[in-house]
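As structure tokens, the structure follows; a few thoughts come after it.
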Amino acid sequence: MTSLQFLYRLLLPMISAAVISALAVTAAQAEKVTVKIVPRPAQAAAVTGWSPQLNTDVAAALTGKALAAGVTNATWTGRNFAKHHIIPQTYLQAAAGLALLNTVGDQSLRDRLVAAIRTISAGAAGGPPAAWNLGPVVWAPINLFEGPDGFYRSDDPGEGGEKTRPRSFDQTRWTLLQTALKSLENAGKMTAQAYTSSTDYLNKMQKGGKTGFGIIVEAFEGLANFQGGQAGVSAFARTDWVDNSSNTFVVADLIVYLNSQVVAQLSGAKKNAYHLR
Numbered sequence: 003m004t005s006l007q008f009l010y011r012l013l014l015p016m017i018s019a020a021v022i023s024a025l026a027v028t029a030a031q032a033e034k035v036t037v038k039i040v041p042r043p044a045q046a047a048a049v050t051g052w053s054p055q056l057n058t059d060v061a062a063a064l065t066g067k068a069l070a071a072g073v074t075n076a077t078w079t080g081r082n083f084a085k086h087h088i089i090p091q092t093y094l095q096a097a098a099g100l101a102l103l104n105t106v107g108d109q110s111l112r113d114r115l116v117a118a119i120r121t122i123s124a125g126a127a128g129g130p131p132a133a134w135n136l137g138p139v140v141w142a143p144i145n146l147f148e149g150p151d152g153f154y155r156s157d158d159p160g161e162g163g164e165k166t167r168p169r170s171f172d173q174t175r176w177t178l179l180q181t182a183l184k185s186l187e188n189a190g191k192m193t194a195q196a197y198t199s200s201t202d203y204l205n206k207m208q209k210g211g212k213t214g215f216g217i218i219v220e221a222f223e224g225l226a227n228f229q230g231g232q233a234g235v236s237a238f239a240r241t242d243w244v245d246n247s248s249n250t251f252v253v254a255d256l257i258v259y260l261n262s263q264v265v266a267q268l269s270g271a272k273k274n275a276y277h278l279r
């Protein structure tokens, strides 16, 4: 046996072990990461009620009109208006879920994401070491704006992200929300029941020398730093909305009568009649 053959036999097990180890690391990096998405939790108590502006506009529209039994200004408003999400609630669930996975990032990054989510949440959201209380997470006020119910919107994104900024909505806040949404969209795929990403994307360096998970963490920290994370629900403004003839939104146009009394139900005549200007 030549010295070269001897050296080859000596090194072969070590080379094989190194190759197997490298393949194992590669496989681990490429593992799928799945966050289960549950149905939208009930609205958090911290975001109940409506802005003074919307209350004023509704009061003006209903003044002097007979209300059916059980109908109040508040119940009528609750039937015809909504608090719209900019980042879909499913993606907020995904961010909260990623913060709990020990295969994603390191503990310091996960702790930072937990802290950011807690900061923007509508009340006590929990998080490690306990489980998340998802209601406050998915109803984070910084992510919401008032507008006519989705039934009335021709541009309602459903469970997609809001892409059109209401004119009255703060531009800096909007940009931070869009950055956080994009960080999650880039990281994985959302379905009705699960958000799927990979440790390969989340844990490897991306552009700018940050990991995919680090990009998500920094995006949510940006939200947490905006007005201390507690910017309230963006108030209704009639001038944000127009009908299909470009006429400014009129609250009274949503009124439905039954036996000459105002009832708290949606107006079929106005389905898909409005959109953001």
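One rule links them: number in the numbering used here = place in the sequence shown (from 1) + 2. For glycine and all other residues, C-beta sits at the position ideal for the given N, C-alpha and C. Please read these numbers as outputs of a predicted model, since none were measured by experiment.
**Report entry** Best match in 76, 56, 33 for proximity to residue 267 [C-alpha to C-alpha]
**Finding:** The residue labelled residue 267 in the question sits at position 265 within the sequence shown. For the residues 76, 56, 33, the minimum Cα distance to residue 267 belongs to 76.
**Report entry** residue 194 versus 69, 62, 271, 161, residue with shortest Cα-Cα distance
**Finding:** Indexing the sequence shown from 1 puts residue 194 at position 192. The option with the nearest alpha carbon to residue 194 is 161.
**Report entry** residue 272 versus residue 137: straight-line alpha-carbon distance, rounded
**Finding:** The count along the sequence shown starts at 1 and reaches residue 272 at position 270. The count along the sequence shown starts at 1 and reaches residue 137 at position 135. C-alpha separation (whole angstroms): 31 angstroms.
Query raised in the report: DSSP state of residue 212, grouped into three classes?
Result: Here the question's residue 212 lines up with position 210 in the sequence shown. It is coil, neither helix nor strand.
Query raised in the report: Which term fits residue 54, buried or exposed, when burial requires 16 or more other beta carbons within 10 angstroms of its beta carbon?
Result: The count along the sequence shown starts at 1 and reaches residue 54 at position 52. It is exposed - the Cβ of residue 54 has fewer than 16 other Cβ atoms within 10 Å.
Query raised in the report: Along the chain, where does the beta strand (DSSP E) that runs through residue 252 open and close?
Result: Position 250 of the sequence shown, counted from the start, is the residue given in the question as residue 252. Looking at the DSSP string, residue 252 is not in any beta strand (DSSP E), and its letter there is neither H nor E.
Query raised in the report: Can you give the beta carbon distance from residue 39 to residue 92, rounded, assuming they're within the 8 angstroms contact cut?
Result: Within the sequence shown, the letter at position 37 stands for residue 39. Within the sequence shown, the letter at position 90 stands for residue 92. Yes, they are in contact, since the Cβ atoms of residue 39 and residue 92 sit about 5 angstroms apart, within 8 angstroms.
**Report entry** Extent of the continuous beta strand (DSSP E) to which residue 49 belongs
**Finding:** Numbered from 1 along the sequence shown, position 47 holds the residue referred to as residue 49. Looking at the DSSP string, residue 49 is not in any beta strand (DSSP E), and its letter there is neither H nor E.
Query raised in the report: Looking at the structure shown, is residue 268 part of a helix, part of a strand, or coil, going by DSSP?
Result: For the purposes of this step, residue 268 is identified with residue 266 of the sequence shown, where counting begins at 1. Coil at residue 268, not helix or strand.
Query raised in the report: So who's on the other strand from residue 230, going by DSSP bridges?
Result: Within the sequence shown, the letter at position 228 stands for residue 230. Per DSSP, none; premise fails for residue 230.
Report task. Ignore the nearest five residues each way along the sequence and tell me which others in residue 26's own chain have a CB closer than 6 angstroms to its CB. Result -> For this step, residue 26 is matched to residue 24 along the sequence shown. Unreliable positioning characterises residue 26 in this predicted model, as indicated by a pLDDT of 40, which lies under 50. A coordinate reading is not provided.
Query - Where residue 262 sits in the DSSP three-state scheme - result: Position 260 of the sequence shown, counted from the start, is the residue given in the question as residue 262. Here residue 262 sits in coil by DSSP.
Query raised in the report: Along the chain, which unbroken stretches of the alpha helix (DSSP H) at least 4 residues long are found entirely within the region 57 to 101?
Result: 75 to 82, 91 to 100
**Report entry** Rounded C-alpha distance that separates residue 226 from residue 157
**Finding:** Position 224 of the sequence shown, counted from the start, is the residue given in the question as residue 226. Position 155 of the sequence shown, counted from the start, is the residue given in the question as residue 157. Distance between the alpha carbons of residue 226 and residue 157 is about 28 angstroms.
Query raised in the report: Per DSSP, residue 196 is paired with what?
Result: One-based indexing of the sequence shown puts residue 196 at position 194. For residue 196, the beta-bridge partners assigned by DSSP are 38.
Query raised in the report: Between the region 231 to 242 and the region 143 to 154, do at least 3 Cβ pairs fall closer than 8 angstroms?
Result: With the cut-off at 8 angstroms, the region 231 to 242 and the region 143 to 154 touch.
**Report entry** Pick from 168, 221, 214, 204 that is closest to residue 181, judged by C-alpha positions
**Finding:** Numbered from 1 along the sequence shown, position 179 holds the residue referred to as residue 181. Measuring from the Cα of residue 181, the nearest candidate turns out to be 221.
Query - Three-state secondary structure assigned by DSSP to residue 141 - result: Taking the sequence shown and counting its residues from 1, one reaches residue 141 at position 139. Residue state, collapsed to three classes: coil.
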